[in-house]
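Below: one structure, written as structure tokens.
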Amino acid sequence: MADVDTREALTGSAVEPGDDGLWLGDALRFFLDAKRAGGRSRRTTDDYRKKLELFQRWVATRHGAERGSEEFDAPYLYIGADEVEAYVVHLKQERGMADSSRKNHLAVLRSFFQTISRRLDVPDPTRRLDEARFHQKAPKRSYLTRHEAGILLSAIEKREPTAANDAEDGLPVSESRRRTLAPALAARDHAAFSVMIYAGLRIEETTSLVLGDLSFTRGEEEVRVARGKGNKERVVPMSPKLGRSLKRYLKIRDQLLPPGDGESPLPHLFLNEKGERVTENTLRRRLYKWLRHSSIKKQDLKPHDLRRTFGTWYLQANPGHVRELAELMGHSDLSQVMKYALSDEQRARAGVARL
């Protein structure tokens, strides 16, 4: 049951549960006072204060909530499990904290929220957190750096115009037609891989795209994923680089139609040599082909690693925006995008070096 006197002292009125009158800064001071009254040493309470003030500043910056002219703060009820999870990602990705340090920060947050929840009858956003997943070992790098992505796409643009290199595996097409189609196939590969790199689509989502899924309306350039995993629909803004790649391909896409066809028998965006929807296996083989013709050392790259590239780059450019990334990539569980923040140990070490 809420301590009404305590709530009134903190917020200025007897706030009912569910009201946003309680500010994070007030709750923080109440927590520290309670710890001091409980006999905790000054050293311990100072450590609590530093960790909690760091969290307070991060939340306030994330929500942009200004409290008067003296303090940059945020209402307590703005904080949910999503914010706590995103903050742990921030500690790893932007501040380069080791697992042990992040574990200590999370322990302080748990103690803080448990105390405030118990005394003031407000939600505890840490109650259902799975702490174990925050301390997983960083996996082997499975994405492209911007330099590597540039090398791969440049290799496609500078393709070797030989029939053997540009042939689609297993399709009964004459050698002369293969030579004719070489530029269109290269443009298709460039656009398909760009969709995965710059929009984060899965390979099956990429091959399922139809012409109507693209919008080039100025200010509203986007890719609609109508047939995503679990039949979930989402929209991903189209970056300028992706837009240019798609437009180049669309200019010569009709060359992939069988001779004599006035229009595509299917509305699918990416076609094979016979004018049919390109298969996932074909795109996989084409990726391996282009890797061999590039100078990229990472020859074990898989199509899904192109999607991971989008997730990693997004969090590097937008620290802590885990929830937004989950929506863009079609994930319903925030834990699914944690790997994009935990995938680069070198970047974490570089972050520590900048402190």
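Going by this note's numbering, the residue at position 245 of the sequence shown is 251; the numbering climbs one at a time, nothing skipped.
Every residue gets a Cβ at the ideal spot worked out from N, C-alpha and C, and that includes glycine.
- Remark: fewer than three beta-carbon pairs, one from each stretch, lie closer than 8 Å, so the region 211-223 and the region 150-166 are not flagged as touching.
- In the same chain as GLU239, and ignoring 5 residues on each side of it, the C-beta atoms closer than 6 Å to its own belong to ALA232, in chain order.
- Within the model, the alpha-carbon separation for TRP29 versus ARG230 is close to 39 Å.
- Under the three-state reduction of DSSP, ARG152 is assigned to helix.
- The continuous stretches of alpha helix (DSSP H) do not include GLU282, and DSSP gives it neither H nor E.
- Taking a contact as a CB-CB distance under 8 Å, the pair THR121 and ALA40 counts as one, their CB atoms being some 6 Å apart.
- By DSSP's assignment, GLU228 forms a beta bridge with SER221, PRO243.
- Take the alpha-carbon of SER148 and the one of TYR320: they are about 15 Å apart.
- Taking the Cα positions, GLY225 is about 52 Å away from THR50.
- For GLY317, the enclosing alpha helix (DSSP H) starts and ends at 309-323.
- Counting C-beta atoms within 10 angstroms of its own C-beta, PRO273 has fewer than 16 neighbours from the protein chains shown and is therefore classed as exposed.
- Distances from the alpha-carbon of GLU286 to those of GLU210, LEU115, GLY102 put GLU210 closest.
- Between LYS247 and SER200, the CB-CB gap stays under 8 Å.
- When DSSP states are grouped into helix, strand and coil, HIS96 belongs to the helix group.
- Here DSSP, grouped into helix, strand and coil, assigns HIS196 to helix.
- If you draw a straight line from the Cα of ARG184 to the Cα of LYS280, it is about 11 Å long.
- Annotated as proximal: LYS235 and GLY336, with beta-carbon spacing under 8 Å.
- Of all alpha-carbon atoms in PRO265, MET244, SER251, LEU277, the one lying nearest the alpha-carbon of ARG259 is that of LEU277.
- Sequence-distant Cβ neighbours of ARG314 in its own chain, meaning closer than 6 Å and more than five residues away, are SER148, TYR149.
- Taking the C-beta atoms as reference points, GLY317 is found no nearer than 8 Å to VAL284.
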